[in-house]
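Undergrad: First the structure, which I've put down as structure tokens, then a few questions once you've had a look.
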Amino acid sequence: MSIRTEAADRTRTRAAISREEAVLAHNYHPLPVVVARAEGAWVTDVDGHRYLDLLAGYSALNFGHGHPRLLAAAREQLAKVTLTSRAFHNDRLGPFAEKLAALAGMDLVLPMNTGAEAVETGVKVARRWAYEVKGVPADRATIVVAAGNFHGRTTTIVSFSTDPQARAGFGPFTPGFTVVPYDDLPALEAAVDEHTAAVLIEPVQGEAGVVVPADGYLAGVRRICTERRALFVADEIQSGLGRTGTTFACEGAGVRPDVYLLGKALGGGIVPLSAVLADRAVLGLLQPGEHGSTFGGNPLAAAVGEAVVDLLGTGEYQARARRLGAVLREGLDAMIGDGVTAVRSAGAWAGIDIDPALASGRHVCAALAGRGVLVKDTHGSTIRMAPPLVATDDDLRWALDQLRDVLATCRATVTGPGRAR
Ligand SMILES: *Cc1c(COP(=O)(O)O)cnc(C)c1O
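Taking the working numbering, the leading residue of the sequence shown gets 13, the next gets one more, and so forth.
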């Protein structure tokens, strides 16, 4: 685990970045690391430097880079058939959907590609249910969502975002959404009424900085939805599939939603694959021609998805998330007061608030990258850690050492020489 220094050769990195910047829309501000190869929890850049990947593709890489079983499933399927469209059946979709439905304990699966598409599908299905089953008057259905949410980037989804950056200049917005504070049951109770089709929430708010609701919140959402006849739609695109130490974060809270939205890790870090899961009483309302996707349920994605479900079926990754989560929590809690103001975590997933007087989240991320650890900041002074679940305890301890050293360096800079703690 060599530590990069200022003197390290970065020639290829610089060239690759200029090349990208000349032609790429600037809708991201990536850290200056150009990944060329990856295996397990580690990536290698174009200049040969190695980094521990603690972003894990925003949890799309829960099983690490190039998991042998997932690669084998993809390779085997590549040689057979990769795309049929849903105009025909393919021999991989049935087995994948059957196993995924069993994993989630739901009757039906609707496969899509990206997370945003799963959310859009969830919105459509909830509205359809409201009109056909709940009896909401035409075009009056509402969906209650939480402030601080992140559900994707489409025009409808940013219509109910509370992040000004996600919305500014993209109106007009889709009506029919009510925003309530997250983790606030009285506010939710007051907002859910006879027009409410669904409550759409993240069981843990990932992009908001790994915001973990109080014990009992998800059970409260379940109770309110049941009492008021609204669907509980759980966006587990980032929290699901092992990340929090259980297959679904809702499962960890002992709660069964009406609809699961899955994505990210479902495609094994190989292909985009998302899905909406629900019982027949909900997903069974869609008829041919009413919703679809050219690539949704393609045999390549289904083959990888089935292998992902098989990995989750062993319980090994959920156990790894719990184990890594304990290491993460212990290491981070020890930094509170030394540059860290707060830590929130759920399994192998942590949001770390950096003292803004010390450094920005971006600065800490850049300094960590310089030491071979990849993480991502959010909302100015928060950084997130989500190790691939194949990372070892030692990998993670080493990364925590790097964070401790970065914070010590920041403190030395802020307090001046000789006065650092
Ligand atoms: C990433 C994410 C999405 C959107 O997924 P995309 O694949 O980027 O469209 C939706 N919801 C949550 C909770 C996410 O983390």
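Glycine included, each C-beta is placed from N, C-alpha and C at the ideal position. Since this is a predicted model, take the numbers as computed values, not measurements.
Do you know whose CA, among D291, V339, G343 and G280, lies nearest L312's CA?
TA: G280
Undergrad: Helix, strand or coil for E248 per DSSP?
TA: coil
Undergrad: Over what stretch of residues does the alpha helix (DSSP H) that includes Y143 continue unbroken?
TA: From DSSP, Y143 is part of no alpha helix (DSSP H); its letter is neither H nor E.
Undergrad: V10 and V204 look like a contact to me (Cβ under 8 Å); what is the Cβ gap, rounded to whole Å?
TA: Residue coverage of the chain in this structure runs from 13 to 433, which leaves residue 10 outside it and unanswerable.
Undergrad: Determine the burial state of L64: buried for a count of at least 16 other Cβ atoms within 10 Å of its Cβ, exposed for fewer.
TA: By the neighbour-count rule (16 or more Cβ atoms within 10 Å), L64 is buried.
Undergrad: With a CB to CB cut of under 7 Å and the five nearest residues on each side skipped, what residues in its chain are close to G309?
TA: R98, L105 and P123
Undergrad: Quick check: what's the CA-CA separation for V170 versus G275?
TA: The alpha-carbon atoms of V170 and G275 are separated by roughly 18 Å.
Undergrad: Could you tell me if H41 is buried or exposed, where buried requires 16 or more neighbouring beta carbons within 10 angstroms of its beta carbon?
TA: H41 is exposed by the Cβ-count criterion.
Undergrad: Determine the extent of the alpha helix (DSSP H) in which V405 is found, giving its start and end residues.
TA: Note that residue 405 is Asp in the sequence shown, not Val. Run containing D405: D405 to T427, per the alpha helix (DSSP H) assignment.
Undergrad: Can you list, in chain order, the residues of its chain whose CB lies under 6 Å from that of T17, leaving out five sequence neighbours each side?
TA: With a pLDDT of 49 at T17, under the threshold of 50, the modelled position of this residue cannot be trusted; read the value that follows with caution. Counting only Cβ-Cβ distances below 6 Å, and skipping sequence neighbours, we find nothing.
Undergrad: Among R334, D57, P284 and L370, which has the Cα closest to the Cα of V316?
TA: P284
Undergrad: If you reduce the DSSP assignment to three classes, tell me which class D205 lands in.
TA: coil
Undergrad: Looking at Y40 and ligand 1, is the gap between the Cβ and the nearest heavy atom below 7 Å?
TA: no
Undergrad: With H, G and I counted as helix, E and B as strand and the rest as coil, what does DSSP make of H41?
TA: coil
Undergrad: Secondary structure at F108, three-state DSSP: helix, strand or coil?
TA: helix
Undergrad: With hydrogens ignored, establish whether the beta-carbon of H163 is closer than 7 Å to any heavy atom of ligand 3.
TA: Judged by which ligands are present, ligand 3 is missing from the structure shown, whose ligands are ligand 1.
Undergrad: Mind checking D103: buried by the 16 CB within 10 Å criterion, or exposed?
TA: exposed
Undergrad: Pick out the complete alpha helix (DSSP H) segments inside the region 115-175, 4 residues or longer, and give them in chain order.
TA: 127-141 and 167-170
Undergrad: Report the three-state DSSP secondary structure of H375 (helix, strand or coil).
TA: helix
Undergrad: Label T427 either buried or exposed according to how many other C-beta atoms from any shown protein chain fall within 10 Å of its C-beta, with 16 as the threshold for buried.
TA: exposed
Undergrad: When the Cα atoms are used, what is the spatial distance from R431 to A424?
TA: Here R431 scores only 47 on pLDDT, less than 50, and its place in the model is too uncertain to base an answer on.
Undergrad: For V271 versus V137, is the C-beta distance shorter than 8 Å?
TA: Against a cut-off of 8 Å, the Cβ pair of V137 and V271 comes out as a contact.
Undergrad: Cα-Cα, which of G304, L298 and V402 is closest to Y143?
TA: Of the candidates G304, L298 and V402, the one whose C-alpha sits nearest the C-alpha of Y143 is L298.
Undergrad: Between the C-alpha atoms of L370 and V352, what's the straight-line distance to the nearest angstrom?
TA: 9 Å
Undergrad: Below 6 Å CB to CB, which residues in the same chain sit around S14 once its five sequence neighbours on both sides are set aside?
TA: Residue placement at S14 cannot be trusted, given a pLDDT of 48 that sits under 50; what the coordinates show is reported in the next sentence. So no residue of the chain qualifies.
Undergrad: Skipping 5 residues on each side, what residues in its chain have a beta carbon closer than 6 Å to that of E32?
TA: none
Undergrad: When the Cα atoms are used, what is the spatial distance from G257 to G343?
TA: C-alpha separation (whole angstroms): 18 Å.
Undergrad: If I measure Cβ to Cβ from R433 and keep anything under 7 Å in the same chain, skipping five residues before and after, which residues do I get?
TA: At R433, the pLDDT of 42 sits below 50, so the modelled position is not reliable and the matter cannot be decided from this model.
Undergrad: In the DSSP assignment, find the unbroken alpha helix (DSSP H) run with G275 in it and report its ends.
TA: Counting along the chain, G275 falls outside any alpha helix (DSSP H), and DSSP gives it neither H nor E.
Undergrad: Taking Cβ to Cβ, would you say L449 is nearer than 8 Å to V245?
TA: With the chain represented from 13 up to 433, any question about residue 449 goes unanswered, as that position is not in the structure.
Undergrad: Are A231 and V192 close, meaning C-beta to C-beta below 8 Å?
TA: no
Undergrad: CA-CA distance, G384 and H61?
TA: Going from the Cα of G384 to the Cα of H61 covers about 8 Å.
Undergrad: With distances taken between CB atoms, is the gap from D377 to D389 smaller than 8 Å?
TA: Reading off the sequence shown, one finds Cys at residue 377, where the question assumed Asp. Yes, they are a contact pair.
Undergrad: Using 10 angstroms around the beta-carbon of S30, count the other beta-carbons present and answer buried if the total reaches 16, otherwise exposed.
TA: exposed
Undergrad: Taking 7 Å as the cut-off, is the beta-carbon of D270 closer than that to any non-hydrogen atom of ligand 1?
TA: no
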